[in-house]
Each structure stands twice: as structure tokens, then as C-alpha cells.
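This report concerns only the one structure given below.
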């Protein structure tokens, strides 16, 4: 499986086709928007969907952890679909999450869907994390805290399309430049926002590169977000 390097603020971030980013210098794996328990959230409101999203998402995280064996995991917000999501985890999924973390340090960055720390689970919760020249937050900010800083965020669930002989293929993607990186959503029910949407224009006024998730590698193409009505 081929990883793609992205250099930000003097640091090398590696992008993985499994939908996670790696900070090798700090043995850290970063993932965004797991939206655990989204299915049970919908079910509680009368929208019945298959209740397997949490297990599928944890298994996706498990694949990434097994492959890269990080010492630390940073989850960039909306790890649960709502503030009470952690309380709805079944015993088996809670145990799986505990086994996945093991001795690893786990940092929950809080998001708009999960604005409070998940109760009864390992790790610590922060509004945002500033470490060295990088800041980790849920929603990217058009104004970075200081010159030369790099930012990793989630929230928007970027996706992009590429033309093929069989028509356009749409995949979740990383969206980044030399200063910012927006990660794809790891959640099974997360959905996505087109990378050319105007919502990305404040973050990437000069355009960005989309790195589409493939089976064994990433597929890169330039993207220029539209200016106009914002979808998200």
C-alpha cells in the first residue's frame, strides 16, 4: 500500500489510502469523523437503518492501527454522532474500542456533534490540540494562529470525482495544500461534500490537491473550490 507525503510547517504528514493520516515523527495516527452510533441515533428518531455502522467503522480503524502500529491516536471530532453516543455503545463495541487503544495514547478532539468528552472511555478530550508547528481541530479556521503553522481538521467529509473510461468515479479524499489538511470521514455512514464546494474556498483560496482513496494508493488531482453559495 502506497502512502503519499504532504509537507506542512516543516513536518512530513503521510496520507494513507485507508483514510487516515500519519505523523511519523510523533508515531501518531490521525482520523476524523467516525460518527459512531449514527445508526442508533437515527433509529431513536424513527429512521430505521442497518445498525452495523459502529462495528464497520471500528473495523476500519482497526485495519489502520494494525497496519501502522502508532503509539498515539488523535481523533479530529465528531467521533460520535451525538453527545450521548458513547452511552449507546454495545458492550462488544466498547470492548473492541478498548482493545484497539490498548496502551496507546488517545486524544478526542471535540466536534460539533460530540461537544463533550465521551463518558467511560479511554483517552482525554480537548477542544483543540497544539503541538509543535501543528494544530489539530475539528473545523478548519481560515486564520491560522501564527505564521508558518500547519492545521489538520475534519468536519467537511471531502470527496472528489475523477473521469474514467466507465464514467466518473467518486471517492472520499484528503484535501490539502502546504498549510492545511482536511481529512476524509472514516465513518461508515458519514457521507461527503464535493471538494469543489464553496465551503472549502475560505480554507483553500488558491486551490488545493485532492487525494482520492484507492485500494492500494491515492489518486491526486488539483481542485479549485467554487466561490458562491456555501453548502455546509
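Residue numbers (the UniProt record's numbering): 1 to 232.
Where a beta carbon is used, it is the ideal one built from N, C-alpha and C, also for glycine.
Nearest candidate by alpha-carbon position, reference residue i, set the options
i	options	result
residue 106	73, 56, 59, 216	73
residue 179	12, 2, 1, 3	12
residue 128	140, 14, 172	140
residue 45	34, 82, 21	82
residue 196	190, 167, 161, 168	161
residue 189	181, 86, 49, 212	49
residue 226	219, 210, 205	205
residue 8	171, 135, 223	135
residue 103	19, 117, 122	122
residue 30	174, 51, 169, 99	174
residue 202	187, 185, 224	224
residue 88	55, 169, 99	55
residue 187	60, 177, 169	60
residue 23	133, 51, 219	133
Cα-Cα separation, residue i to residue j
i	j	result
residue 76	residue 216	24 Å
residue 143	residue 63	34 Å
residue 148	residue 137	17 Å
residue 125	residue 113	14 Å
residue 214	residue 17	6 Å
residue 182	residue 90	30 Å
residue 21	residue 14	6 Å
residue 35	residue 10	31 Å
residue 80	residue 221	31 Å
residue 32	residue 109	9 Å
residue 27	residue 68	9 Å
residue 53	residue 93	11 Å
residue 120	residue 38	19 Å
residue 115	residue 85	11 Å
residue 163	residue 192	18 Å
residue 3	residue 19	11 Å
residue 96	residue 66	13 Å
residue 111	residue 5	26 Å
residue 153	residue 98	24 Å
Where residue i falls, given that 16 or more other Cβ within 10 Å makes a residue buried
i	result
residue 151	buried
residue 159	buried
residue 165	exposed
residue 155	buried
residue 57	buried
residue 212	buried
residue 71	exposed
residue 171	buried
residue 209	buried
residue 40	buried
residue 131	exposed
residue 184	buried
residue 199	buried
DSSP state of residue i mapped onto helix, strand, coil
i	result
residue 26	helix
residue 124	strand
residue 14	strand
residue 224	coil
residue 155	coil
residue 132	coil
residue 142	coil
residue 149	coil
residue 20	coil
residue 167	strand
residue 4	strand
residue 9	coil
Min CB distance residue i to chain C below 8 Å
i	result
residue 162	Absent from the structure is chain C; it holds one protein chain and no more.
* Asked: Enumerated in chain order, which unbroken segments of the alpha helix (DSSP H) with a length of 4 residues or greater are wholly contained in the UniProt domain "Calcineurin-like phosphoesterase" (29-121)?
  -> Runs of alpha helix (DSSP H) with 4 or more residues, each lying fully within the UniProt domain "Calcineurin-like phosphoesterase" (29-121), are found at 38-43, 53-68, 91-101, listed in chain order.
* Asked: Which full runs of the beta strand (DSSP E) of 3+ residues lie inside the region 177-208, going along the chain?
  -> Here the runs fully enclosed are 180-182.
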